[in-house]
Amino acid sequence: MAENPHFIAQLRQQVDREALLFFLSRSGRRSDLAARAATEAGLTNCYNVLEGFEGDKDANGQRNTIGGWRLAGLPWAQ
Numbered sequence: 001m002a003e004n005p006h007f008i009a010q011l012r013q014q015v016d017r018e019a020l021l022f023f024l025s026r027s028g029r030r031s032d033l034a035a036r037a038a039t040e041a042g043l044t045n046c047y048n049v050l051e052g053f054e055g056d057k058d059a060n061g062q063r064n065t066i067g068g069w070r071l072a073g074l075p076w077a078q
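Next up, the structure:
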């Protein structure tokens with residue numbers, strides 16, 4: 001997935017600087033980078049959802065067996 005060079009500018013157009021923002025990606029890695037970038041850009045309430053939606057890969061390289069939003073039984077819809 002390509003990085004969006006306009007991410008921060010677009011985010012600033014959509015939310016107030018003090019808005020409560022939660023970032024969520026598949027494993028939590030990209031959302032962590034996004035939350036950090038937003039914080040460094042001056043947005044003050046940015047949080048990464050730990051473990052992401054599908055969690056880390058297990059010994060067989062599969063997701064959804066170790067951690068993550070879905071495995072925790074948190075609400076979601078497909």
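For the sequence shown, position 61 matches number 61 in the numbering used here, and the numbering has no gaps at all.
Built from N, CA and C at the ideal position, the CB exists for glycine as well.
Treat the numbers as computed from the prediction; the structure is a model and nothing was measured.
Residue 56 is bridged by DSSP to 66. Taking a cut-off of 8 angstroms on C-beta distances, the segment 36-48 does not touch the segment 60-68, as fewer than three cross pairs fall below it. The criterion of a C-beta distance shorter than 8 angstroms is satisfied by residue 21 and residue 46. As computed with DSSP, residue 22 is found in a beta bridge with 47. It is roughly 12 angstroms from the alpha-carbon of residue 6 to the alpha-carbon of residue 14. By the neighbour-count definition (other C-beta atoms within 10 Å, threshold 16), residue 4 is an exposed residue.
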